[in-house]
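Novice: Sequential numbering from 1 applies to the sequence shown in UniProt numbering. Beta carbons: idealized from backbone N, C-alpha and C, even for Gly. Keep in mind the model is a prediction, meaning the values are calculated, not measured.
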Amino acid sequence: MSHSKLTSCLWSPAKLHEALPWMTLQSKITEHAEKIQPLCLNNNTFDDSSIDQWMELAAVTLKIEVIPIEWRYSETLDMLRCIGPSLIQLPGTPPLFLAVLQGGKRRVKILGPDLEKYSIPRQDVLKILTAPLQQAAAGPATRILERAGISEERIKESIQALVDEQLSNTPVQTRCWLLRASLGEPFHKQIRRSSVIPALAGSFGAHIMVQTLMICSWWLIGRQALAGHFTYATVTAWALLLFTIIPFQLLDRWLQGLISIKIGELFKRRLLHGILQLEPEEVRHQGSGQFLGIIMEAESLSALALEGGLGAGLAVIQLIIALGILLIGVGGLPHAALLAFWSGLTAYFCFKYYRRSKQWITAYQDMSNDMTEGMIGYRTRLVQEESARWHDREREFLRNYVRMSNKLDSVALIIRGFLGRGWYIFGLLGILPAFLSKTDNSDAMAVSIAGILLAAQALNQLIAGATSAINALTGSEQVLPLFNAATRSSKKKTHLLPSFLNQAASSQQHPVVSFQDTTFRYPEAALPALSGCTGEILSNSRILLQGPSGGGKSTLAGLLTGLRTPESGQLRLWGIEHGLVGPDLWRTRVVAAPQFHENHIITETFSFNLLMGRNWPPEPEDLEAASEICMELGLKELLERLPAGFQQMVGESAWRLSHGEQSRLYIARALLQHADLIVLDESFAALDPENFELALDCVLRRAPALVVIAHP
1 MSHSKLTSCL WSPAKLHEAL PWMTLQSKIT EHAEKIQPLC LNNNTFDDSS
51 IDQWMELAAV TLKIEVIPIE WRYSETLDML RCIGPSLIQL PGTPPLFLAV
101 LQGGKRRVKI LGPDLEKYSI PRQDVLKILT APLQQAAAGP ATRILERAGI
151 SEERIKESIQ ALVDEQLSNT PVQTRCWLLR ASLGEPFHKQ IRRSSVIPAL
201 AGSFGAHIMV QTLMICSWWL IGRQALAGHF TYATVTAWAL LLFTIIPFQL
251 LDRWLQGLIS IKIGELFKRR LLHGILQLEP EEVRHQGSGQ FLGIIMEAES
301 LSALALEGGL GAGLAVIQLI IALGILLIGV GGLPHAALLA FWSGLTAYFC
351 FKYYRRSKQW ITAYQDMSND MTEGMIGYRT RLVQEESARW HDREREFLRN
401 YVRMSNKLDS VALIIRGFLG RGWYIFGLLG ILPAFLSKTD NSDAMAVSIA
451 GILLAAQALN QLIAGATSAI NALTGSEQVL PLFNAATRSS KKKTHLLPSF
501 LNQAASSQQH PVVSFQDTTF RYPEAALPAL SGCTGEILSN SRILLQGPSG
551 GGKSTLAGLL TGLRTPESGQ LRLWGIEHGL VGPDLWRTRV VAAPQFHENH
601 IITETFSFNL LMGRNWPPEP EDLEAASEIC MELGLKELLE RLPAGFQQMV
651 GESAWRLSHG EQSRLYIARA LLQHADLIVL DESFAALDPE NFELALDCVL
701 RRAPALVVIA HP
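(1) Check whether the region 249-269 and the region 188-203 are in contact - that is, three or more C-beta pairs closer than 8 Å.
(2) Does DSSP put Ala710 in a helix, in a strand, or in coil?
(3) Using a Cβ-Cβ cutoff of less than 6 Å, which residues in the same chain neighbour Arg572 once the five nearest sequence positions on both sides are dropped?
(4) If you follow the alpha helix (DSSP H) that Val235 is in, where does it begin and where does it stop?
(5) Alpha carbons only, please: which of Leu623, Ser8, Leu126 is nearest the one belonging to Ile83?
(6) Classify Val100 as helix, strand or coil using the three-state DSSP reduction.
(7) Would you call the CB atoms of Leu220 and Val316 closer than 8 Å?
(8) Taking only runs that begin and end inside the region 45-91, name each unbroken beta strand (DSSP E) of 3 or more residues, in chain order.
(9) Given 8 Å as the limit, is there contact between the region 445-463 and the region 355-371, that is, 3 or more CB pairs closer than that?
(10) Would Phe608 pass as a contact of Thr555 if the rule is Cβ separation under 8 Å?
(11) Out of Leu672, His229, Ala458, which one is the CA nearest neighbour of Leu319?
(12) Can you list, in chain order, the residues of its chain whose CB lies under 7 Å from that of Ser194, leaving out five sequence neighbours each side?
(13) Quick one: measure Cβ to Cβ for Ala625 and Leu580, integer angstroms, because I've assumed they're closer than 8 Å.
(14) Could you pull out every residue in the same chain whose Cβ sits closer than 7 Å to the Cβ of Thr234, ignoring the five residues on either side in sequence?
(15) Check each candidate in Lys105, Ser50, Trp54, Ile29 and name the one with the smallest Cα separation from Ile36.
(16) I'd like the span of the alpha helix (DSSP H) that includes Phe187, first residue to last.
(17) Out of Ile51, Trp22, His17, which one is the CA nearest neighbour of Pro38?
(18) In its own chain, which residues sit with a C-beta less than 8 Å from the C-beta of Tyr424, not counting the 5 before and 5 after it?
(19) Please tell me whether Ile431 and His335 are closer than 8 Å, where the distance is taken between their beta carbons.
(20) Whose C-beta lies closer than 7 Å to the C-beta of Ala505 among residues of the same chain, with five residues either side of it excluded?
(21) If distances are taken between C-alpha atoms only, which option among Gly257, Gly103, Cys350, Gln211 comes closest to Leu241?
(22) Taking a contact to mean a Cβ-Cβ separation below 8 Å, would you say Gly184 touches Arg488 in this structure?
(23) Check whether the region 649-664 touches the region 682-690, taking contact to mean three or more Cβ pairs, one atom from each stretch, closer than 8 Å.
(24) Please tell me whether Pro566 and Leu560 are closer than 8 Å, where the distance is taken between their beta carbons.
(25) Taking the beta carbon of Pro13 as the centre, do at least 16 other beta carbons fall within 10 Å, making it buried, or is it exposed?
(26) Quick check on DSSP: helix, strand or coil for Pro38?
(27) Taking the Cβ atom as the reference point for each residue, do Leu454 and Ile321 lie within a distance shorter than 8 Å?
(28) For the beta strand (DSSP E) that contains Arg571, what are its first and last residues?
(29) I'd like to check one pair, Ile29 with Ile64: are the Cβ atoms closer than 8 Å?
(30) Under 8 Å, with one C-beta from each stretch per pair, do the region 542-551 and the region 585-602 reach the 3-pair mark?
(31) If you reduce the DSSP assignment to three classes, tell me which class Asp114 lands in.
(32) By the three-class DSSP mapping on this structure, what secondary structure does Ala592 have?
(33) Determine, using beta-carbon pairs with one atom in the region 702-711 and one in the region 527-543, whether at least three such pairs fall under 8 Å.
(34) With a threshold of 7 Å (Cβ to nearest heavy atom), would Val479 be considered close to the ligand PLP?
(35) Could you give the first and the last residue of the continuous beta strand (DSSP E) run that contains Phe426?
(36) Starting from Lys109, follow its DSSP beta bridges and name the residues at the other end.
This is the structure we're talking about:
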């Protein structure tokens with residue numbers, strides 16, 4: 001494709017609102033082309049923040065995920081192979097955009113402004129993306145090669161080789177956003193969009209072929225065995241049938257592995273997405289042992305569910321086939337009824353196994369939680385608890401666990417030891433009358449024996465699959481809330497551009513935060529923690545909130561900072577409703593330093609703990625601002641003691657900070673986030689009088705609006 005034709009396929013910023021809906025529709029990420037708000041530029045000027053904010057808003061409208069990515073020069077070719085669908089901002093002023101539908105090894109499919117698809121060589125796209133870098137590096141490389149006396153025939157290739165080597169680790173000065181389906185959409189839609197359903201259909205088809213060929217082989221060899229003689233042609237046909245089964249079995253196993261990998265990937269991605277949507281209140285009162293138990297269950301849940309579900313599904317098909325075979329066999333309808341009865345008995349004991357498994361998993365999780373909590377709080381235990389009683393709880397948990405294990409094992413023994421193997425004897429009873437009658441019905445007898453063997457295989461597979469599925473089902477009770485939490489992602493997104501909120505803040509026509517008749521109730525609480533609460537916080541306000549413990553101070557702080565959602569009433573930021581702003585955007589404008597036991601030092605560098613809410617990796621001006629605030633808060637002596645200064649690792653497993661140092665770090669972290677309102681919840685409680693004066697002066701000087709929560 002010529003350069004001019006490729007240029008005609010690029011999108012201008014003014015038409016991006018037409019490109020994104022069509023890209024998601026053509027890529028089957030969405031089912032409908034939703035209309036989105038056009039990109040509005042301030043004074044016809046373009047900046048990176050404008051497109052970032054617009055992309056976030058477009059993602060909310062289209063209900064998709066927009067993921068910004070970066071890559072190095074040496075990764076460009078590989079990136080173009082798997083980049084679609086994506087929107088690429090090309091270098092230059094004014095910027096132009098390339099709408100990529102699908103990458104490829106040789107050609108890349110793009111969407112043009114005329115909404116037509118074009119397939120262009122990958123090398124052409126590579127040239128557009130890397131042209132500025134190559135032009136800047138080609139000049140010095142040319143001069144070096146000319147001095148070296150390289151021949152004209154080889155100089156072009158040599159220049160390209162030098163440029164590629166020089167730029168290999170250089171970031172490409174091109175912005176790119178991947179368009180992906182939302183992880184919060186219904187799980188069945190994610191499965192339908194993936195390659196799972198065709199693979200599942202292929203697996204069932206291959207399995208049916210295996211069973212059909214197996215039945216034919218057993219009928220053929222069984223007929224000859226009951227007749228008392230074998231022919232060369234019969235044995236040859238039997239061997240050919242067995243060899244024909246092999247490729248279908250391999251195909252079935254390969255497709256099952258593909259299904260397991262794909263569904264496991266979807267499950268774990270959704271689970272991780274759900275974890276990130278949990279509210280602080282949902283995890284605040286759970287111990288480390290409970291989290292460990294959830295992780296352990298999630299690790300095995302997907303594998304057990306897939307193994308059990310596929311195995312049980314294939315076993316049911318085999319049982320249906322076996323029923324049909326027994327109907328046409330020598331035993332007829334009574335023989336098929338015996339199989340139906342045995343299958344029902346198996347289902348009953350599987351249900352009993354499910355009930356016992358629930359009791360066992362509860363005992364196991366209680367024991368794991370107690371063990372982990374005991375290890376974490378061992379220092380308190382050594383001091384506070386009598387040594388003779390240290391292991392009383394462990395013994396009780398172990399006794400309960402052993403009791404539940406014995407009950408579970410007794411049912412498992414019946415299922416695996418009796419039901420699977422007992423069918424052989426029970427199935428032979430169905431052909432016993434025909435066998436004792438000594439009538440010449442060898443063909444029907446061979447069919448019945450084949451049906452008995454097939455039913456036995458199906459029952460054993462059903463038992464194995466059902467037990468795996470039951471283990472997954474009992475474990476899902478801990479994991480399911482995390483799985484379902486993924487659907488909350490769209491509710492957390494903002495529905496307006498941050499620039500609109502900036503305009504509202506600049507006008508100063510409304511309070512920073514206002515609340516009217518606000519009520520909040522904790523889950524499962526009979527009485528509300530806050531009822532009919534009304535107030536407003538103006539810009540440059542300095543508010544001291546005092547009250548007794550349990551009076552609702554921290555609850556109000558959670559409402560102000562967007563960590564909690566009111567049950568009723570109105571909550572506004574700069575006059576805009578809480579639901580319209582969205583929790584994510586709200587929390588960037590109202591920042592808190594929570595109580596000491598709810599705030600954390602992450603095991604990372606000191607600078608990361610300061611700037612994690614502002615900008616990371618930091619720019620020089622970010623580090624300079626952090627240094628100034630640390631000096632004002634009286635942390636100069638600490639920074640001088642740290643061997644690596646701002647780059648010193650701090651945390652539980654690194655350099656440990658005192659309570660006062662941690663409190664001042666939390667205050668600095670809040671001040672560095674450029675928020676409109678700062679809420680400090682008992683942040684000064686751990687400071688001595690001298691450091692308290694320094695910290696208070698710094699906060700009063702720097703906070704645009706301030707709420708301090710303290711005890712009387």
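Specialist: According to the structure data:
(1) Here the region 249-269 lies against the region 188-203, with 3 or more beta-carbon pairs under 8 Å apart.
(2) In the sequence shown, counting from the first residue as 1, residue 710 sits at position 710. Note: Ala710 maps to strand in three-state DSSP.
(3) Here the question's residue 572 lines up with position 572 in the sequence shown. For Arg572, where only same-chain residues beyond five positions count, the Cβ hits under 6 Å are Ser514.
(4) Mapped onto the sequence shown, residue 235 falls at position 235. From DSSP, the alpha helix (DSSP H) with Val235 extends over 232-276.
(5) What you label residue 83 is simply residue 83 of the sequence shown in a count that begins at 1. Comparing Cα positions, the closest option is Leu126.
(6) What you label residue 100 is simply residue 100 of the sequence shown in a count that begins at 1. Three-state result, Val100: strand.
(7) As a working note, residue 220 is residue 220 in the sequence shown. As a working note, residue 316 is residue 316 in the sequence shown. For Leu220 and Val316, no; Cβs fall outside 8 Å.
(8) Counting only runs of 3 or more, we get 64-69, 86-89.
(9) Segments in contact, no.
(10) Position 608 of the sequence shown, counting from 1, holds the residue named residue 608. Position 555 of the sequence shown, counting from 1, holds the residue named residue 555. No, they are not a contact pair.
(11) Taking the sequence shown and counting its residues from 1, one reaches residue 319 at position 319. It is Ala458.
(12) Position 194 of the sequence shown, counting from 1, holds the residue named residue 194. Here the set comprises Lys262, Leu266.
(13) Looking up residue 625 in the sequence shown gives position 625. Looking up residue 580 in the sequence shown gives position 580. Between Ala625 and Leu580 the beta-carbon gap is near 31 Å, outside 8 Å, which marks them as no contact.
(14) Locating residue 234 in the sequence shown gives position 234, where the first residue counts as 1. In its chain, beyond the 5 residues on either side, Leu220, Gln224 have a beta carbon closer than 7 Å to the beta carbon of Thr234.
(15) Against the sequence shown, residue 36 aligns to sequence position 36. Ile36 has its Cα closest to that of Trp54, out of Lys105, Ser50, Trp54, Ile29.
(16) Walking along the sequence shown from the start, residue 187 turns up at place 187. First-last of the alpha helix (DSSP H) with Phe187: 187-193.
(17) Residue 38 sits at position 38 when you count from the first residue of the sequence shown. Ranked by Cα distance from Pro38, the first of Ile51, Trp22, His17 is His17.
(18) In the sequence shown, counting from the first residue as 1, residue 424 sits at position 424. Excluding sequence neighbours, Tyr424 sits near Ile452, Ala456.
(19) Mapped onto the sequence shown, residue 431 falls at position 431. Mapped onto the sequence shown, residue 335 falls at position 335. Closer than 8 Å, so yes.
(20) Your numbering for residue 505 matches position 505 in the sequence shown. Apart from sequence neighbours up to five positions away, the residues of its chain that approach Ala505 with a beta-carbon distance below 7 Å are Trp574, Asp676, ordered along the chain.
(21) In the sequence shown, residue 241 corresponds to position 241, counting from 1. Ranking Gly257, Gly103, Cys350, Gln211 by Cα distance to Leu241 puts Gln211 first.
(22) Looking up residue 184 in the sequence shown gives position 184. Looking up residue 488 in the sequence shown gives position 488. Cβ atoms of Gly184 and Arg488: closer than 8 Å.
(23) They touch, by the three-pair rule.
(24) By 1-based counting over the sequence shown, the position of residue 566 is 566. By 1-based counting over the sequence shown, the position of residue 560 is 560. Not closer than 8 Å, so no.
(25) Position 13 of the sequence shown, counted from the first residue, corresponds to residue 13. The residue is buried, with at least 16 neighbouring Cβ atoms inside 10 Å.
(26) Reading the sequence shown from its first residue, position 38 is the one you call residue 38. DSSP places Pro38 in coil when its eight states are reduced to three.
(27) Start at 1 with the first residue of the sequence shown, and residue 454 comes out as number 454. Start at 1 with the first residue of the sequence shown, and residue 321 comes out as number 321. In contact: Leu454 and Ile321 (Cβ atoms closer than 8 Å).
(28) Position 571 of the sequence shown, counted from the first residue, corresponds to residue 571. The question names Arg, yet the displayed sequence has Leu at residue 571. Element bounds for Leu571: 568-573.
(29) Looking up residue 64 in the sequence shown gives position 64. Looking up residue 29 in the sequence shown gives position 29. It is a contact, given that the beta carbons lie within the stated cut-off.
(30) Too few Cβ pairs lie closer than 8 Å, so no.
(31) Numbered from 1 along the sequence shown, position 114 holds the residue referred to as residue 114. Secondary structure at Asp114: coil, using DSSP grouped into helix, strand and coil.
(32) Counting from one through the sequence shown, the residue named residue 592 turns up at place 592. In the structure shown, Ala592 sits in a strand (DSSP, three-state: E or B).
(33) Judged by Cβ distances under 8 Å, the region 702-711 makes contact with the region 527-543, as three or more pairs qualify.
(34) Ligands displayed in this structure: none; no statement on the ligand PLP is therefore possible.
(35) Mapped onto the sequence shown, residue 426 falls at position 426. It is not in any beta strand (DSSP E) - Phe426 instead sits in the alpha helix (DSSP H) that spans 420-437.
(36) In the sequence shown, the residue the question calls residue 109 occupies position 109. Answer is Gln102, Ser119, bridged to Lys109.
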